[in-house]
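Going by the working numbering, the first residue of the sequence shown is number 1153, and it counts up by one from there. The beta carbon of each residue, even a glycine, is placed where N, CA and C say it ideally should be. Heads up, the thing below is written out as structure tokens.
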Amino acid sequence: MKKPYLRVTKWLADIPVEACCAMCPNHLFRAVSHQHRPQKGDFQEQLQKAFDQHLKEVHSNTTDSLNGNSMS
Ligand SMILES: [Zn+2]
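See the structure below:
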């Protein structure tokens, strides 16, 4: 079974600036720079947080109900 994970789609040098959910290729997450220079850790955190939120909103039932869902 496939699991959703965060897949980076755009890099700025070694900084991830855009990512998508591996199971929802159309769902893009973008990191926004609050400073003049993008901070790697900050961007990673933003993408991770957005992805966590997406997991809760979209995939919470797929990850929770692995032990049989009769409503198919
Ligand atoms: Zn997804």
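query                                                                           : result
Buried or exposed (CB count within 10 angstroms, at least 16 for buried), V1169 : buried
Start-to-end residues for the alpha helix (DSSP H) that takes in L1199          : K1192 to H1206
Distance between M1175 and N1155 (C-alpha atoms, nearest Å)                     : The residue you asked about is not Asn; residue 1155 is Lys in the sequence shown. Distance between the alpha carbons of K1155 and M1175: 7 angstroms.
Buried versus exposed, by CB contacts within 10 Å (16 or more), Q1205           : exposed
Burial state of Q1198 (16 or more Cβ within 10 Å)                               : buried
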